[in-house]
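Contents: one structure, followed by commentary.
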Amino acid sequence: MNFEAIIEKYTVSILDHRIKTLIAILLLVLVATAGARFLEAPSGYRGFVESGQPNYQDILNLEEKYGMIDTLSFVIKPNNGDIFQKDVIQLIHELTEASWQTPFSSRVSSLTNFQYTTVDDDDINISDFISDTDLMDENSLQELKSLALQERTIVNFILSESARVSFVNISLDVPEDTGFEDPIEFANEQKAYFNTKYPDIFVTVAGSAMYSNNFQTTARSDATSMYPGFLALIIILSYILLRSITASAISLIVIFLSILPSMGMAGWLGFEAQPPLIIAPILILTIALAHAIHILSIALTNMNEGMDKKKSIVESMKINFTPVFLTSFTTAVGVAGVNFGKIPAFSEMANTVVIGSTFSFILSVTILPIIFMLMPIKTDGKSSVVLNALSKLGDLIYRFKLYIITFIGLASLLLINLIPNLYFDDDFDSYFDRVDNWVKVKNIVNDEFGSSFFIFANLSSEETDGITSPEYLKKIDEFARWLETQDEVVTVTTVSDIIKTLNKNMNGGNNEFYSIPDNKPLNAQYLLMYEFSVPYGMDLKNQMTADKSESRLLIRLNMATSKESIEFNERTDEWIKNNLQGYQTDGVVGIPIMMPYVYQENTNGLMRGLLFSFSFIVIVIGITLRSLKLGLISIVPNVVPFILSYGILAIFTNIVTFSHTLSILVSLGLVVDATIHFLSKYKKAESLNLNASDAIQYCFKYVGFPIIVASICLFSGFAFLLQSSFQTNFILGGMCALIILIALIIDLFLLPALLLIFRRRNVV
Amino acid sequence: MNKFLLILFFVMFVNTSLLSEDNFEKGLRIAKESYESTRGYVDSESDQMMILVDPKGNEVIREISGKTLENDDPNDGDKSIIFFNKPKDVEGTVMLSHTHVNDDDDQWLYLPALGRVKRISSSNKSGSFMGSEIAFEDFSGNDYRKYEWEFIGEEEYEGEICYKLVSIPKYKNSGYTKRIGFTDKLLRPRMIEYFDRKGELLKTLYFEDYQLYNDKIWNADTFRVVNHQNKNKTIYKWVNRELNVGINKKDFEKSSLLRLAD
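Sequences listed follow chains A and B, in order. If you use my numbering, the first sequence corresponds to residues 200 to 963, in order. If you use my numbering, the second sequence corresponds to residues 10 to 271, in order.
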């Protein structure tokens with residue numbers, strides 16, 4: 200019994216046992232879907248990093264010693280003038296007090312509660328920089344301004360150099376598995392209150408917690424803004440293309456029953472609802488729709504030609520079973536290549552698509568034919584206009600095959616030349632550049648402070664109480680000052696700054712004593728005194744360990760691209776190697792340092808994934824079509840779209856981010872689908888001994904339409920991602936849409952032309 | 010007979026006044042009685058050891074010794090001197106405090122490496138004591154005058170029926186919004202939960218190793234503090250504690266700091 204006979208027997212048998220099959224499949228779908236409630240809330244940027252990633256481990260080590268690095272910050276900017284106006288200071292004072300109420304806050308630091316030291320002979324007073332806002336007049340405000348601008352731990356940390364923008368920073372210590380929603384909700388309430396109370400002062404919420412929370416809010420807003428529109432589009436498209444309400448309804452059932460259990464399985468597997476996961480339903484939808492359209496359109500064509508209903512669907516299954524399986528399989532393999540990357544959020548998205556692809560295959564070959572039989576189908580008996588047009592296209596291609604190959608060949612050569620201009624880079628600060636409010640805040644902060652990011656460096660003296668030794672303090676000071684000479688750094692503060700300030704103040708405020716004393720006990724006693732003088736939440740636990748063997752530097756980073764960050768990190772490691780012997784340090788640590796490495800590893804991984812997926816797909820095609828020639832020819836339409844789209848990308852930009860790379864893997868399996876459908880029909884035509892022109896006509900008749908339909912669906916799906924407020928989804932959507940569009944053109948023009956040319960040579 | 014009636018009336022009156030005592034008055038009365046049961050020690054001397062334990066179990070040890078002097082003036086606070094012994098770098102540092110009930114304390118610090126006495130600001134009593142989970146204000150936590158009290162019932166704690174008291178700091182710079190504690194029938198505080206400025210449970214202080222000193226005063230010789238937010242622990246122990254030892258009152262003057270340090 201040959202394969203087609205097996206499929207025929209199989210289809211007839213499920214149609215005979217339709218109720219049993221239906222119940223079994225629906226049960227499977229139900230159980231899988233039940234997992235959806237376990238989908239986890241996104242953990243922000245941390246969901247983009249594998250737990251074993253060395254730079255992430257550095258962050259975790261740092262957090263173990265000094266508490267969580269995430270903060271919420273209020274950005275305060277008066278519409279006119281600088282911070283040193285009575286109402287602005289009053290606002291900061293009130294906001295500081297209110298901020299202590301933030302859920303999970305561990306400390307609050309601002310201009311008003313900055314612990315400022317004053318000396319009066321032998322009286323040392325360490326207290327809030329500004330406590331009594333009622334008595335302030337213009338003179339005292341100006342005095343405060345000049346004092347503040349002299350404090351190196353104020354400038355560029357809580358006050359910009361221009362004194363026009365100030366921060367109230369809230370350190371958070373959120374328990375594991377708890378998001379930032381509560382603190383952010385509280386901060387937003389404060390923001391609303393102060394915006395009403397002080398309409399002339401701009402107050403907003405920023406900080407790494409807010410950045411992290413953007414992942415969740417964009418995921419949610421993407422889902423709510425994109426899904427309904429996309430769904431409507433698909434309903435309209437499937438109706439226009441199939442011209443049958445019932446057939447459209449069948450497609451929609453298959454689509455839903457593919458998406459629901461996939462998201463459910465994502466829940467069972469403990470995936471996080473990160474923004475990339477938003478893409479998964481759109482991809483699954485297009486895959487399922489493509490299957491449905493391939494199977495239904497041929498069944499409908501058969502019915503139009505007078506076949507009875509059962510025979511129509513059985514015949515369609517005979518033609519489509521292999522390509523539907525193959526396309527599901529290659530899509531899954533293509534997307535599975537994303538797992539070679541190093542970003543869990545994207546791997547989870549990819550694996551959800553793999554699951555969805557599997558479900559869509561299962562449903563297309565079980566429920567779909569059954570529902571087709573159960574539902575009343577009417578056909579208009581007319582041959583489609585599209586089919587006539589396609590038949591004309593087939594003729595044109597037959598006549599102009601050489602021109603087509605030459606034209607596309609030349610275009611490819613031209614565009615390939617542009618590709619070397621591309622280089623890999625990434626800027627994780629740009630993730631939310633499509634969120635208006637975020638960009639506004641980001642621009643204010645970046646203009647005034649260089650960037651909104653802090654990084655850290657831990658320096659261990661490797662002995663208990665070692666950080667008060669003059670050698671250690673001088674080293675850490677040298678390290679800090681060297682860092683400040685780097686373009687990537689705005690400013691740095693360390694324990695040495697505290698010691699220097701104390702030494703000056705303990706010596707009557709004399710600037711000559713702004714230095715590190717060569718006396719370890721004295722330094723230790725200074726710190727003891729300082730610790731006795733600061734209130735709750737202002738201690739030094741966030742910058743030195745309890746046994747005083749280690750302390751950390753706080754570094755305000757300048758804007759830097761991935762490449763610059765990596766260079767900066769390497770430069771710093773080099774400096775540490777040459778200058779900090781005898782001390783233990785992990786170098787600079789933080790999100791902006793970690794992410795570039797994550798991208799780098801991820802891009803390298805994706806390249807390996809691409810190689811894997813691509814070779815696997817080519818082999819699979821060759822084996823199933825049992826033809827080396829077709830296997831080799833299939834490489835062309837599967838590679839050219841990527842070359843052309845990257846060439847086109849190079850016209851607009853030089854930077855390739857990891858989302859661009861990702862787009863290749865995501866679309867590879869889909870691009871391949873069309874080729875598979877085309878080639879499998881071509882093979883069938885060859886086996887029918889059709890001549891070259893008729894073979895192409897045969898392909899256009901049976902797959903031209905479904906390929907166009909599937910491509911339009913995919914194109915619209917990806918184009919919808921252009922609405923995403925998550926930059927990565929936006930790029931991914933744009934690139935994939937472009938690739939799919941080019942692939943369609945290639946499949947309709949170049950592939951048949953190539954088949955014709957190689958066929959003729961074979962014949963000759 | 011008249012006398013008997015008078016006594017009867019008196020007893021009834023006292024009873025009704027006790028019966029009509031509300032929970033705030035009752036809380037204050039218990040707190041006051043508890044505080045007063047620790048008074049009359051005249052002065053004391055002790056060695057103290059503090060163990061700081063981080064969430065991973067790493068320990069850091071601090072050692073000090075101290076003297077305190079009871080203030081005869083019931084409207085003013087006690088005086089104390091702390092000598093720092095360990096870590097070695099701060100050995101010889103001495104801190105003198107004159108506590109006050111309603112005003113900021115006066116504090117002076119003698120730094121041996123500097124050779125000078127510095128008066129330090131002390132409105133910040135909410136800060137950590139030597140990096141521990143204990144704040145300055147916790148040491149005077151038994152002074153009933155610093156809080157508003159409320160009795161909220163009796164509950165069993167470690168097998169004993171205790172008074173459950175809520176206390177709210179009067180001191181505006183306090184690091185706490187509220188404390189909830191258990192005081193046993195011997196009027197000894199046994200456990201206090203501290204709630205931070207946002208009203209969340211911050212830490213619990215357990216009073217352990219109670220000893221009866223001089224046959225009349227109960228002192229807990231161990232304070233064990235567990236911070237529920239940062240998961241650190243502090244164990245604070247008093248050893249060689251002696252009461253009524255006859256310390257020279259002049260030792261508690263600023264002018265004596267330099268002399269005492271040697």
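Beta carbons are placed, not taken as given, at the ideal position from N, Cα and C, and that holds for glycine. Keep in mind the model is a prediction, meaning the values are calculated, not measured.
Per DSSP, the bridge partner or partners of residue i
i	result
A:MET758	None, per the DSSP bridge assignment.
B:VAL248	B:ASP56
B:PRO178	B:TYR156
A:TYR196	Given that chain A is displayed from residue 200 to residue 963, the structure contains no residue 196 of chain A and the question cannot be resolved.
A:ASN657	A:ARG751
B:GLY75	B:SER55 and B:ILE91
B:PHE204	B:LYS187 and B:LEU210
B:TYR119	B:VAL103 and B:VAL126
B:GLY162	B:LYS173
A:LEU525	In DSSP, A:LEU525 forms no bridge with anything.
A:VAL532	DSSP output for A:VAL532 lists no bridge partner at all.
When the options are compared against residue i, the one with the closest alpha-carbon
i	options	result
A:VAL835	A:GLU239, A:LEU950, A:GLY536 and A:SER361	A:LEU950
A:ILE569	A:PHE957, A:SER212 and A:GLU203	A:SER212
A:ILE698	A:LEU721, A:VAL691 and A:LEU943	A:LEU721
A:LEU869	A:LYS762, A:LEU937, A:SER886 and A:LEU290	A:LEU937
A:GLY266	A:THR784, A:LYS208, A:ARG751 and A:VAL274	A:ARG751
A:SER556	A:LYS600, A:PRO460, A:HIS493 and A:TYR597	A:PRO460
B:SER141	B:SER89, B:LEU214 and B:SER106	B:LEU214
A:PRO398	A:ASN278, A:TRP774, A:ILE654 and A:VAL354	A:ASN278
A:PHE957	A:VAL902, A:LEU867, A:GLY707 and A:TYR597	A:TYR597
B:LEU211	B:ARG188, B:ASN223 and B:TRP227	B:ARG188
A:PRO619	A:ILE911, A:VAL855 and A:VAL638	A:VAL855
Local Cβ density within 10 Å of residue i, reported as buried at 16 or more and exposed below that
i	result
B:LYS246	buried
A:ALA679	buried
B:LYS263	exposed
A:GLY505	exposed
A:HIS216	exposed
A:TYR845	buried
A:GLN349	exposed
B:LYS225	exposed
A:GLN783	exposed
A:PHE841	buried
A:GLU471	buried
A:ILE323	buried
B:LEU266	buried
A:ILE282	buried
A:GLN685	buried
A:ALA391	exposed
Where residue i meets chain A, residues with beta-carbon distance less than 7 Å
i	result
B:VAL126	ASP321
B:THR102	GLN724 and LEU727
B:LEU267	By Cβ distance, chain A contributes nothing, its closest Cβ being about 12 Å from B:LEU267, past 7 Å.
B:ILE5	The structure shown does not extend to residue 5 of chain B, since chain B is modelled only from 10 through 271, so no value can be given for it.
Under 9 Å by beta carbon: chain B residues contacting residue i
i	result
A:LYS740	SER137, GLY140, ASN239 and ASN241
A:GLY266	ASN239
A:MET705	LEU120, LEU123, ARG125 and LYS127
Chain A contact residues for residue i, given Cβ-Cβ distances below 8 Å
i	result
B:LYS187	Result: empty, since nearest Cβ-Cβ is about 14 Å, beyond 8 Å.
B:LYS207	TRP299, GLN300, THR301, PRO302 and SER304
B:PRO96	THR663, ASP664, ALA723 and LYS747
Chain-ordered neighbours of residue i on chain C, where CB pairs are closer than 7 Å
i	result
A:TYR735	This model lacks chain C altogether; the protein chains it does include are A and B.
Neighbour list for residue i in chain B, Cβ cutoff strictly below 7 Å
i	result
A:ASN718	ALA122
A:ASP381	By Cβ distance, chain B contributes nothing, its closest Cβ being about 11 Å from A:ASP381, past 7 Å.
Cross-chain neighbours of residue i in chain B, by beta carbon under 8 Å
i	result
A:THR311	In chain order: nothing, as chain B lies at least about 14 Å away.
| Where are the alpha helix (DSSP H) runs, 4 residues long or more, that stay fully inside the segment 314–366 of chain A, in chain order? | Correct list: 337–349.
| query | Counting only runs that start and end within the segment 694–736 of chain A, where is the alpha helix (DSSP H) found for 4 or more residues in a row? | reply | As summarised for the segment 694–736 of chain A, the continuous alpha helix (DSSP H) elements at least 4 residues long and confined to that stretch are 694–705 and 719–732, given in chain order.
| field | alpha helix (DSSP H) runs wholly inside the segment 450–506 of chain A, at least 4 long, in chain order | value | Taking only runs of at least 4 residues, the alpha helix (DSSP H) segments lying wholly in the segment 450–506 of chain A are 478–503.
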